[in-house]
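A.B. asks:
Protein chains in written order, with our numbering: chain R, 1 to 111; chain S, 1 to 118.
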């Protein structure tokens with residue numbers, strides 16, 4: 001069972017803005033950076049956001065990340081059909097042996 | 001360009017062993033922590049193990065502690081995962097991933113499938 005909590009699903013229409021939440025604890029998100037990944041089923045995860053709100057080169061500025069307290073969010077603006085994928089948040093955890101925690105994943109559907 | 005290429009997956013019987021390898025290129029392996037992360041069919045990502053740059057600090061998820069061993073050979077730019085006493089619950093795609101210090105991974109390999117079945 002994941003200790004970073006994400007909604008299992010999200011949806012939006014093309015052009016809309018969608019946000020995906022990730023809730024943790026003081027020893028995870030509250031104390032450490034949040035990363036976000038996108039995964040097309042059958043392929044490897046790809047880094048989307050690192051250190052809470054930084055975009056790797058090549059990731060469009062339609063994607064943005066934020067963190068407040070023990071929660072984080074990924075926002076996707078100008079939704080496109082190719083954004084349909086699974087999205088995962090992750091954070092280091094200071095308290096458990098499982099030092100990297102992942103959220104359970106959110107399946108984004110573009111209607 | 002960072003490249004991570006896993007190998008060694010396959011079909012193994014319950015109770016058996018397997019060793020995964022991850023060949024790294026495009027960066028200096030010894031400068032980075034490395035992780036193994038797995039994903040069971042249709043399920044989410046689960047962290048398995050990590051090792052620091054010189055191999056002096058290692059940790060495991062409780063689910064694999066005592067059965068899996070992570071190691072690295074920086075001279076060969078290769079990361080390993082020795083998996084013993086495998087059970088059906090270990091069936092998953094195993095990803096090698098590059099660490100970013102005390103942070104989640106920033107680069108991932110393509111994964112190798114491990115199937116534990118009789």
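Glycine included, every Cβ here is placed at the ideal spot set by N, Cα and C. This one's a predicted model, so the numbers in the text were calculated from it and none came from an experiment.
Near residue 12 of chain R, which residues of its chain fall below 6 angstroms by C-beta distance, leaving aside the five closest residues on each side in sequence?
C.D. replies: Excluding positions up to five away in sequence, the list reads 18 and 79.
A.B. asks: For residue 79 of chain S, I'd like the list of residues in its chain whose CB is within less than 6 angstroms of its CB, leaving aside the five on either flank, ordered along the chain.
C.D. replies: Excluding sequence neighbours, residue 79 of chain S sits near 22, 34, 72 and 96.
A.B. asks: Using 10 angstroms around the beta-carbon of residue 86 of chain S, count the other beta-carbons present and answer buried if the total reaches 16, otherwise exposed.
C.D. replies: It counts as buried.
A.B. asks: Looking only at its chain, what residues have a beta carbon closer than 7 angstroms to the beta carbon of residue 81 of chain R, apart from the 5 residues adjacent to it on each side?
C.D. replies: Excluding positions up to five away in sequence, the list reads 14 and 110.
A.B. asks: Need the endpoints of the beta strand (DSSP E) that residue 11 of chain S sits in, please.
C.D. replies: Where residue 11 of chain S is concerned, the enclosing beta strand (DSSP E) stretches over 10 to 12.
A.B. asks: Output yes if chain R places a C-beta closer than 8 angstroms to the C-beta of residue 110 of chain S; else output no.
C.D. replies: Taking Cβ atoms only, chain R reaches closer than 8 angstroms to residue 110 of chain S, which makes this a yes.
A.B. asks: Residue 53 of chain R touches chain S at which residues, Cβ-Cβ below 8 angstroms?
C.D. replies: Those do not exist, as residue 53 of chain R stays about 14 angstroms from chain S at its closest Cβ, beyond 8 angstroms.
A.B. asks: Are there 16 or more other CB atoms within 10 angstroms of the CB of residue 102 of chain S, so buried, or fewer, so exposed?
C.D. replies: By the neighbour-count rule (16 or more Cβ atoms within 10 Å), residue 102 of chain S is not buried but exposed.
A.B. asks: Report all residues from its chain with a CB closer than 7 angstroms to the CB of residue 53 of chain S; omit the five preceding and five following residues, and keep chain order.
C.D. replies: Answer for residue 53 of chain S: 30, 31, 32 and 33, listed in chain order.
A.B. asks: Secondary structure at residue 23 of chain S, three-state DSSP: helix, strand or coil?
C.D. replies: Residue state, collapsed to three classes: strand.
A.B. asks: Closest to residue 116 of chain S by C-alpha separation, out of S:6, S:7 and S:16, would be which residue?
C.D. replies: Residue S:16 is the option with its Cα nearest to residue 116 of chain S.
A.B. asks: With a threshold of 8 angstroms between beta carbons, is residue 50 of chain S in contact with chain R?
C.D. replies: So yes, residue 50 of chain S belongs to the interface.
A.B. asks: Using a Cβ-Cβ cut-off of 8 angstroms (strictly less than) and excluding sequence neighbours within five positions of residue 71 of chain R, which residues of its own chain qualify?
C.D. replies: Here the set comprises 21, 22, 23, 24 and 29.
A.B. asks: When burial is assigned at 16 or more other CB atoms within 10 Å of the CB, is residue 2 of chain S buried or exposed?
C.D. replies: Exposed: under 16 other Cβ atoms inside 10 Å.
A.B. asks: Between residue 110 of chain S and residue 90 of chain R, which are expected to be in contact by the criterion C-beta below 8 angstroms, what is the C-beta distance as a whole number of angstroms?
C.D. replies: With a Cβ gap of about 19 angstroms, residue 110 of chain S and residue 90 of chain R do not count as contacting.
A.B. asks: Of the choices S:113, S:107 and S:88, whose alpha-carbon is the least far from that of residue 4 of chain S?
C.D. replies: Here the closest residue by C-alpha is S:107.
A.B. asks: Looking at residue 38 of chain S and residue 88 of chain S, is the spacing between their C-beta atoms short of 8 angstroms?
C.D. replies: Going by C-beta atoms, residue 88 of chain S is not nearer than 8 angstroms to residue 38 of chain S.
A.B. asks: Run through DSSP, which three-state label would residue 67 of chain S get?
C.D. replies: Of the three classes helix, strand and coil, the one that applies to residue 67 of chain S here is coil, per DSSP.
A.B. asks: In three-state DSSP terms, what is residue 46 of chain R?
C.D. replies: It is a strand residue.
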